[in-house]
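Trainee: One structure follows; several queries about it will come next.
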Amino acid sequence: MTIKLIAIDMDETFLKTDKTYDVARFKRILADLLARDIIVCIASGNSFHKLEAYFDEEDRNRLYFAGDNGNYIVREQTLLHAISINPETVISIEHFLDEFDGFHPNVSTGDKTYFREKDEEELEIVKRYNDRIVLVETFNDIPVNEQAVKIAIHSEKALHENKTMARIINERYDDCSAVTSGDGWLDVYHRDGGKGSSVRYLQDKYNISSDETMTFGDSLNDASMMHEALFSVSMGNADPDLVAETRYQIGNNNDQAVLDLLEELLANNSMAFMKKYRTHKR
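Here the numbering used here is used: the first residue of the sequence shown is 5, the next is one more, and so on.
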């Protein structure tokens with residue numbers, strides 16, 4: 005059995021908590037993976053313009069980026085595929101969230117992010133995941149020729165409360181999917197989108213099966229891509245609800261466990277080594 009596609013989440017998976025990673029080590033690993041014709045995709049809730057900043061020009065041109073939870077797929081600065089939310093749904097969710105305290109939404113159109121608040125603390129939080137922020141009074145001010153690919157909601161609530169809000173949004177809006185993400189976020193996107201859709205896009209493009217796919221993640225916004233991979237891998241620091249959706253579990257992000265596993269993958273001629281990471285789930 006051979007791996008042909010690897011999809012990797014960023015925050016609390018590939019990146020350490022301080023948003024860094026071992027650049028030189030990853031460059032060596034990426035070169036070896038590509039030499040074996042393995043496709044590597046960065047699948048993240050971050051917008052593309054933020055994701056590309058983590059990599060130098062050489063690596064940016066060798067990776068696929070599935071930003072905004074897989075709804076905005078880019079390779080070599082070219083947009084390949086995007087899945088957008090109905091504009092009326094965006095405004096309806098905006099008004100719904102305004103009925104509650106502690107939820108701070110922004111809207112990504114893939115190449116920029118629209119935000120309504122001028123509070124410096126909230127702006128700094130949004131800047132952690134977005135480099136191109138446009139302030140607006142309301143999401144009605146988003147130009148009609150720009151399509152929302154994700155609503156990201158920073159929450160001041162606990163994880164269990166965020167899961168409740170995600171469930172409510174899913175019940176109210178049958179054209180959308182809402183999931184919890186890392187660092188106190190919820191993400192909303194079209195029901196046909198999500199990281200799983202980006203993995204399927206690449207599988208279809210290159211005729212790759214789920215048996216030849218490996219995915220890494222830590223939060224429930226990674227669950228859809230776990231369902232597309234035989235080698236679905238959760239982090240040691242992952243949400244337990246995600247662990248229940250995966251077949252394997254490794255160490256934590258701060259120990260760069262993803263890089264450890266990729267080096268093991270390169271050093272082995274079969275996937276038998278994965279047995280030691282097998283969970284009792286699925």
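Don't be surprised by glycine CBs; every beta carbon is placed ideally from N, CA and C.
#1: Could you spell out where the alpha helix (DSSP H) holding residue 208 opens and where it closes?
#2: Got a sec, what are the start and stop residues for the alpha helix (DSSP H) residue 28 sits in?
#3: For residue 117 versus residue 159, is the C-beta spacing smaller than 7 Å?
#4: Nearest by alpha-carbon distance to residue 48: which of 19, 100, 149, 129 is it?
#5: Any idea if residue 249 is buried or exposed, counting beta-carbon neighbours within 10 angstroms, 16 or more meaning buried?
#6: For residue 216, which option in 168, 269, 246 has the closest C-alpha, if you only look at C-alpha atoms?
#7: Return helix, strand or coil for residue 302, following the three-state DSSP convention.
#8: Distance check for residue 81 and residue 114, CA to CA, integer angstroms please.
#9: To the nearest whole angstrom, what separates the beta carbons of residue 192 and residue 143, a pair I think is in contact under 8 Å?
#10: Expressed to the nearest angstrom, what Euclidean distance is found between the alpha-carbon atoms of residue 233 and residue 282?
#11: Quick check: the Cα distance between residue 107 and residue 71, rounded to an integer number of angstroms?
#12: Could you give the residue range of the beta strand (DSSP E) that holds residue 109?
#13: Just verifying my parser: in three-state terms, what is the DSSP assignment at residue 172?
#14: Is it right to say residue 23 is buried, meaning 16 or more other beta carbons lie within 10 angstroms of its own, or is it exposed?
#15: Helix, strand or coil for residue 262, going by three-state DSSP, please let me know.
#16: Excluding the five sequence neighbours on either side, which residues of its own chain have a C-beta within less than 8 Å of the C-beta of residue 21, listed in chain order?
#17: Identify which residue in 214, 280, 230, 157 has its Cα closest to the Cα of residue 104.
#18: Taking C-beta to C-beta, are residue 13 and residue 243 nearer than 7 Å?
#19: Mind checking residue 149: buried by the 16 CB within 10 Å criterion, or exposed?
#20: Helix, strand or coil for residue 231? Go by DSSP, reduced to three states.
#21: Check whether the segment 198 to 217 touches the segment 60 to 77, taking contact to mean three or more Cβ pairs, one atom from each stretch, closer than 8 Å.
#22: So what's residue 280 in DSSP terms, helix, strand or just coil?
#23: Need the endpoints of the beta strand (DSSP E) that residue 64 sits in, please.
#24: Could you give the distance in angstroms between the alpha-carbon of residue 262 and the alpha-carbon of residue 212?
#25: Of all the options 185, 178, 189, which has the alpha carbon lying nearest to the alpha carbon of residue 196?
Mentor: Reading off the structure:
#1: Counting along the chain, the alpha helix (DSSP H) containing residue 208 begins and ends at 199 to 210.
#2: Note, residue 28: alpha helix (DSSP H), 27 to 39.
#3: No. Outside cutoff.
#4: For residue 48, the nearest C-alpha among the options comes from 19.
#5: A residue is called buried when at least 16 other Cβ atoms come within 10 angstroms of its Cβ; residue 249 meets this threshold and is buried.
#6: Distances from the alpha-carbon of residue 216 to those of 168, 269, 246 put 269 closest.
#7: Any question about residue 302 goes unanswered here, given that the chain covers just 5 to 286.
#8: Their backbone Cα atoms lie some 12 Å apart in a straight line.
#9: Rounded to whole angstroms, the Cβ separation of residue 192 and residue 143 is 12 Å, and the two are not in contact under 8 Å.
#10: So the alpha carbons of these two residues sit roughly 14 Å apart.
#11: Within the model, the alpha-carbon separation for residue 107 versus residue 71 is close to 22 Å.
#12: Per DSSP, the unbroken beta strand (DSSP E) holding residue 109 starts and ends at 107 to 112.
#13: Collapsing the DSSP output to three states places residue 172 in a helix.
#14: When all chains shown are included, residue 23 counts as exposed.
#15: Reduced to three states, the DSSP call for residue 262 is helix.
#16: Closer than 8 Å at the Cβ level, and outside the excluded window around residue 21, lie 257, 258.
#17: Of 214, 280, 230, 157, the residue nearest in Cα terms is 157.
#18: Judged by beta-carbon spacing, residue 243 lies beyond the 7 Å limit of residue 13, meaning their Cβ atoms are not closer than that value.
#19: Exposed is the call here.
#20: DSSP places residue 231 in coil when its eight states are reduced to three.
#21: Taking 8 Å as the limit for Cβ pairs, the verdict is that the segment 60 to 77 does touch the segment 198 to 217.
#22: Residue 280: helix per DSSP, three-state reduction.
#23: Counting along the chain, residue 64 falls outside any beta strand (DSSP E), though it belongs to the alpha helix (DSSP H) covering 61 to 64.
#24: Roughly 21 Å separates the two Cα atoms.
#25: It is 178 whose Cα lies nearest to the Cα of residue 196.
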